[in-house]
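One structure is given here, and the rest of the page talks about it.
Protein chains in written order, with UniProt numbering: chain A, 1 to 446; chain Z, 1 to 253; chain C, 1 to 414; chain D, 1 to 318.
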């Protein structure tokens with residue numbers, strides 16, 4: 001029996017949701033009345049924040065990292081058009097961004113043409129080339145979703161990545177293709193010599209692309225992408241060809257991936273094999289899933305978190321990839337909604353006005369847990385140092401403290417911190433759970 | 001005689017060696033309410049799936065308004081004005097009730113694969129969807145995820161989705177299966193209301209629904225139609241009696 | 001919601017960046033090479049050698065100028081050009097003026113262009129790029145610039161030395177050339193073809209091919225072809241797992257002639273070849289390890305082994321890099337004006353403890369030095385590699401190799 | 001002619017090794033619907049464990065114990081990881097194994113470092129079995145062939161002749177029915193996962209000494225195992241065998257013979273453009289078969305997916 005009464009079958013979370021919106025008419029009114037302000041506000045705030053961020057982070061490396069974040073965000077959002085909105089799992093999406101980027105580099109090197117266009121429109125060309133490739137590949141890969149699509153994407157990804165070292169004329173072999181963005185026509189006198197100028201170009205494209213991708217999800221074909229993801233058969237009987245809906249999503253995703261590639265070309269002025277290879281494709285899958293595929297802003301959070309891990313954490317520890325991998329596996333296992341899902345879990349509590357009741361229990365549980373985890377990380381770092389550091393090299397620095405990893409005391413301290421931290425977290429966890437249930441139940445004390 | 005809405009000639013379907021549909025000829029006129037009944041395993045759902053190109057027939061043709069449907073994909077058939085529901089509830093459970101209906105309106109209202117329209121700002125879509133929701137009495141559930149509706153509500157929603165596109169041939173596969181009596185009455189009224197003036201083909205087990213709704217009835221047994229006619233005639237048919245009685249006896253053993 | 005996250009993230013970011021910019025006194029050298037991922041062992045080894053060289057040769061002798069210490073900071077580029085450029089930017093923001101890098105010519109190409117552009121666009125924070133191991137000849141030819149100095153011999157120079165030795169060996173009549181399918185592998189092949197043709201036109205090149213880099217699981221089919229071709233010697237520029245896989249496979253499948261290589265030592269490769277490579281594996285490189293060239297070199301090596309018992313000094317050019325940089329800073333009298341330091345480096349002659357001297361050719365910033373052909377063996381080895389019984393012993397030496405080799409470099413000076 | 005024979009043997013070794021990996025993977029897929037991205041990581045773990053054991057008690061004990069440990073680990077991953085993720089659907093499952101593959105690589109580096117391990121062929125097998133016109137065939141390769149064939153026969157026997165095999169076969173096609181018959185399907189899943197990973201571990205044990213034991217060894221092999229089972233048809237043991245051998249021979253022969261694109265194109269009547277070095281297609285014209293040998297399986301897979309999505313021997317489509 002496949003059909004049972006859903007009322008008795010709903011998972012815990014869904015039922016809670018059910019309870020808080022028992023008055024649908026009211027909810028819909030709320031939504032309709034506030035729809036314009038509700039949808040516009042985050043965009044305006046995000047734009048303002050992005051515009052003023054460089055006032056706080058003046059150095060070039062912070063700008064470089066923020067540029068990298070923006071590029072990853074555009075790429076991850078494009079990827080989520082497939083994975084999250086279209087239900088297509090791709091293992092080779094880097095090639096669309098890469099090909100778009102390579103095309104931009106070639107345009108940069110066509111000095112006669114490049115001199116006549118302002119740099120700001122270069123990403124459009126990246127997008128068009130990414131889209132062109134997606135049109136070719138999509139014509140046979142989007143016929144079915146699921147494993148067949150995933151495997152074709154893997155195969156095509158490997159093929160094009162392998163071509164990057166073979167087809168030297170286009171991909172430049174192992175050293176890639178490089179160029180100079182400053183040869184473009186100055187844009188209102190700006191030549192994009194400085195990192196800050198590139199930053200504003202990048203965020204402009206970030207906001208435009210993100211907005212366009214958001215609006216795409218509100219168009220008929222964008223809505224049907226969701227429908228086809230959830231139930232391709234039903235969509236077929238509504239007059240839509242599941243294949244064509246997938247194909248259009250794929251092309252659009254290829255376009256924005258290409259835009260991300262174009263932004264990459266502008267920022268780094270070089271494209272290499274790494275822009276195409278399967279590792280890059282894997283990273284974007286990781287980023288998107290970490291952020292959460294179920295929400296539009298999920299990939300944004302994922303891209304920010306991952307870029308920070310990759311560039312900042314790797315400055316402090318060699319084991320950054322180990323931590324990133326652990327975080328990723330833990331996310332898949334415990335929070336399949338990703339970081340965005342974690343955040344959105346709190347929306348019901350906010351709507352009920354009970355979120356404040358969660359603050360103290362959170363502090364009581366999460367703070368010791370975080371300290372315990374840091375202690376655990378310290379143990380990991382010390383083990384690593386003990387095993388792999390040079391034999392004479394017994395000193396290590398951790399959390400701004402330098403100590404001898406071959407003495408027993410630091411081990412005791414780290415061990416104790418771990419045990420105590422996690423211990424406290426464990427004892428306070430039931431209280432948090434209770435508070436959570438309370439905060440998500442309508443009525444009652446409030 | 002005008003062209004029938006749906007015409008089946010010599011339709012056959014085999015899975016491997018098992019012949020499930022063994023040659024069906026059936027003609028259903030415009031605005032007719034036609035019910036297909038028969039014991040379990042007679043091939044009713046298979047017949048539905050053949051008509052809507054979910055399966056390809058082994059032999060025979062299906063004509064919609066005189067047009068041969070051979071080689072067409074389900075979505076193409078749908079665009080020609082044939083819409084169906086499923087035996088197992090087949091909606092978009094993660095979307096809201098409103099979204100479910102709106103998706104069903106998109107193609108019919110000519111939005112096709114467009115990406116230059118925003119669905120939220122289209123008054124015709126919103127109003128159209130709300131009108132349908134009103135018809136199926138789900139306006140109050142408008143913003144709930146469809147998966148959280150009760151079973152009867154989900155079936156009503158599915159009927160709403162099926163009729164939303166404005167198709168003039170509606171096929172319903174056991175719309176009242178698994179429902180209580182009150183729910184069945186509710187759905188029956190609903191079907192009567194929303195299919196007024198349209199051709200309706202339905203598979204149904206509940207005889208009271210069948211006899212209450214259908215203009216004509218076909219009885220399908222082991223892949224063949226053994227009788228077609230007005231409810232009273234079919235009820236009186238000896239072979240039908242035998243088939244049903246036999247099946248009932250078998251089921252008891 | 002997302003804005004709050006972003007704010008928090010970026011403030012965390014500035015905290016980290018700010019924290020590491022605390023020490024201003026030291027002369028900072030940024031080591032940008034892989035410290036994680038598949039090539040991490042090479043990178044980590046290099047970093048240790050740089051740190052040790054800076055301590056041993058500069059800091060323990062009282063530092064430079066008025067007692068400034070030299071500090072080597074490791075930046076993990078994950079062997080990615082993109083990450084390298086990010087780390088370059090971070091390093092420059094931390095006040096670094098000297099960049100050292102060596103693994104992957106692709107990264108070196110990206111870095112040298114980025115450094116050139118940066119110095120053009122930001123005259124206030126110019127940096128020098130000291131390349132200690134990326135040997136793509138283009139870097140000191142078509143792609144040369146004033147800010148780039150190469151302390152390793154480039155692929156052509158090494159091939160020049162190798163082919164000198166091959167030319168003198170009358171028992172070699174057939175040569176097989178095999179390499180990785182990318183710029184370096186191709187330049188090795190081109191140089192070998194050209195130079196063998198010039199020096200021993202009678203040598204037949206029985207095979208010349210490229211295989212995908214880092215992707216070959218099993219080299220057996222290649223080994224079969226080499227054995228079947230009847231080659232007397234093999235030349236390969238392979239490195240890392242590709243070197244080990246190819247070498248082991250060739251030997252296993254019955255090849256007994258010499259295999260001339262660039263990078264078949266250290267990083268576990270020497271230990272893995274062990275007995276099977278004896279009498280077969282030859283390497284070309286600068287810096288004589290065995291027998292030790294000088295007492296100073298022995299002391300240096302012993303001190304290094306005392307600190308890093310598992311380490312090898314397989315890149316003696318690293319100490320040359322630090323030594324020459326220190327000398328240039330002293331001569332220029334400044335650690336900030338990189339133009340003055342670059343001018344001091346140009347044309348510098350440096351007596352190296354590893355024997356002979358190093359001359360930084362001003363036309364193209366290519367170091368000219370003695371090239372040694374070494375054999376993989378366990379006889380007469382003072383300093384072994386990988387804590388095995390094996391190491392490399394110098395068999396022959398080409399003094400100041402390719403001193404007069406042409407260059408296409410058109411150096412633009414600021 | 002001699003070289004053809006030598007290549008046949010080499011290709012057989014490669015193919016059979018691939019089969020040991022793909023057999024487990026295809027069994028796991030057909031039962032649980034999971035494409036296990038971490039499968040090659042268990043292969044790597046097998047090699048590392050065997051190396052560690054071989055230091056202490058020698059190669060043969062490693063051959064025996066390492067696959068067992070890997071199998072137990074695999075079963076543990078199924079029990080405590082995959083089963084948990086299973087409730088979220090197939091995509092998260094796939095992504096979980098993807099993350100697991102990353103994590104295992106990091107763990108291996110954490111424990112053993114980043115260098116290649118000196119894990120080598122045991123002395124007893126370190127000799128040349130025979131030589132064909134100067135090309136020696138190491139005895140170890142013959143040993144590898146024997147082990148793989150023994151495994152194949154064993155698998156075939158277990159699956160077709162034993163009760164457990166019958167249940168597994170039934171569970172492949174009708175998991176619900178099997179469950180209804182009172183068999184503990186989760187336990188069967190765990191068992192199959194354990195056995196599949198143990199097979200991968202065994203492949204690692206015997207491949208480690210010849211292909212190298214290093215942290216990248218899983219990545220190098222990872223996706224090609226997928227390609228194999230997709231070509232062979234998901235869920236088909238015979239398909240896995242045929243596809244493995246096919247890939248083994250195709251790649252071996254493509255590497256051994258320099259077939260040039262120019263000759264090929266000329267042969268079908270397309271003449272070389274006059275100024276080839278200026279042409280944008282110059283790289284295409286100068287392609288040689290060894291250059292593309294390792295991507296041939298991917299080309300094959302894409303073609304098969306386009307024209308026969310169920311694979312060579314597959315019955316159902318994903």
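All C-beta atoms, glycine included, are put in the ideal place defined by N, C-alpha and C.
Item, Value
"Does the CB of residue 193/A have a neighbour CB from chain C at under 9 Å?", "yes"
"Report yes if the C-beta distance between residue 84/A and residue 153/A is below 9 Å; otherwise report no.", "no"
"Within 9 Å (strictly less), CB to CB, does residue 363/A reach chain C?", "no"
"Taking Cβ-Cβ distances below 8 Å as the criterion, which residues of the region 142-173 of chain A are in contact with chain C?", "162, 165, 166 and 173"
"Would residue 122/D count as contacting chain C if we go by Cβ distances under 9 Å?", "no"
"Which chain D residues are close to residue 105/A, counting only those with a beta carbon under 8 Å from its beta carbon?", "None at all; the shortest Cβ gap to chain D is about 15 Å."
"Just to confirm the assignment, what range does the beta strand (DSSP E) spanning residue 224/Z have?", "224-229"
"Do residue 117/D and residue 51/D have their C-beta atoms closer together than 9 Å?", "yes"
"Thinking just about the alpha-carbon of each residue, which of 122/C, 144/C, 203/C and 347/C is nearest to the one in residue 112/C?", "144/C"
"Apply the 10 Å Cβ neighbour rule to residue 100/A and answer buried if 16 or more other Cβ atoms are within range, or exposed otherwise.", "buried"
"Please state the DSSP three-state secondary structure of residue 178/A.", "strand"
"Under 9 Å between the Cβ atoms of residue 88/A and residue 246/A?", "yes"
"How would you label residue 169/Z, buried or exposed, when you count the other beta carbons within 10 angstroms and need 16 or more for buried?", "buried"
"For the candidate residues 151/C, 53/C and 214/C, whose alpha-carbon lies nearest to that of residue 347/C?", "151/C"
"Alpha carbon to alpha carbon, what distance is there between residue 195/A and residue 169/C?", "56 Å"
"Check whether the Cβ atoms of residue 277/A and residue 103/A sit closer than 9 Å, and answer yes or no.", "no"
"Considering only DSSP beta bridges, list what residue 214/Z is partnered with.", "Partner(s): none; residue 214/Z has no beta bridge."
"In angstroms with no decimal places, state the Cα-to-Cα distance between residue 109/C and residue 134/C.", "9 Å"
"In chain order, what residues of the same chain lie with their CB nearer than 6 Å to the CB of residue 25/A, ignoring the 5 residues before and after it?", "Bear in mind that the predicted position of residue 25/A carries a pLDDT of just 38, short of 50, making it unreliable; the figure below should be weighed with that in mind. Answer for residue 25/A: no residue qualifies."
"Give every residue of the same chain whose Cβ lies closer than 7 Å to the Cβ of residue 101/Z, excluding the five residues on either side of it in the sequence, and list them in chain order.", "129, 132, 133, 160, 161 and 164"
"Please report the straight-line C-alpha distance between residue 386/C and residue 310/C, rounded to a whole angstrom.", "7 Å"
"In chain order, what residues of the same chain lie with their CB nearer than 6 Å to the CB of residue 37/D, ignoring the 5 residues before and after it?", "97, 98 and 101"
"Roughly how many angstroms lie between the CA atoms of residue 11/Z and residue 70/Z, to the nearest whole one?", "11 Å"
"Report the rounded CA-to-CA distance for residue 370/A versus residue 361/A, giving the unit in angstroms.", "14 Å"
"Check the DSSP bridge columns for residue 138/D and list the partner residues they point to.", "128/D"
"To the nearest angstrom, how far is it from the Cα of residue 163/A to the Cα of residue 132/A?", "17 Å"
"Cβ atoms of residue 283/C and residue 261/C: under 9 Å apart, would you say?", "yes"
"Name the chain A residues that come within less than 7 Å of residue 257/Z, Cβ to Cβ?", "Outside the shown range of chain Z, which is 1 to 253, sits residue 257/Z, and nothing can be said about it."
"Would you verify that the beta carbon of residue 90/D is, or is not, closer than 9 Å to some beta carbon of chain A?", "yes"
"Would residue 150/C pass as an interface residue toward chain A - the criterion being a Cβ-Cβ separation below 9 Å?", "no"
"By the criterion of Cβ-Cβ separation under 9 Å, what are the contact partners of residue 60/C in chain A?", "None at all; the shortest Cβ gap to chain A is about 15 Å."
"By the DSSP assignment, the beta strand (DSSP E) with residue 274/A in it spans what residues?", "Careful: residue 274/A lies outside any beta strand (DSSP E) and carries neither H nor E."
"Looking at the C-beta of residue 376/A, does it have a partner C-beta in chain D at a distance below 9 Å?", "no"
"Which residues in chain D have a C-beta closer than 8 Å to the C-beta of residue 215/C? List them in chain order.", "220 and 294"
"Under 9 Å, Cβ to Cβ, is there at least one residue of chain Z near residue 323/A?", "no"
"Are the CB atoms of residue 211/C and residue 178/C nearer to each other than 9 Å?", "yes"
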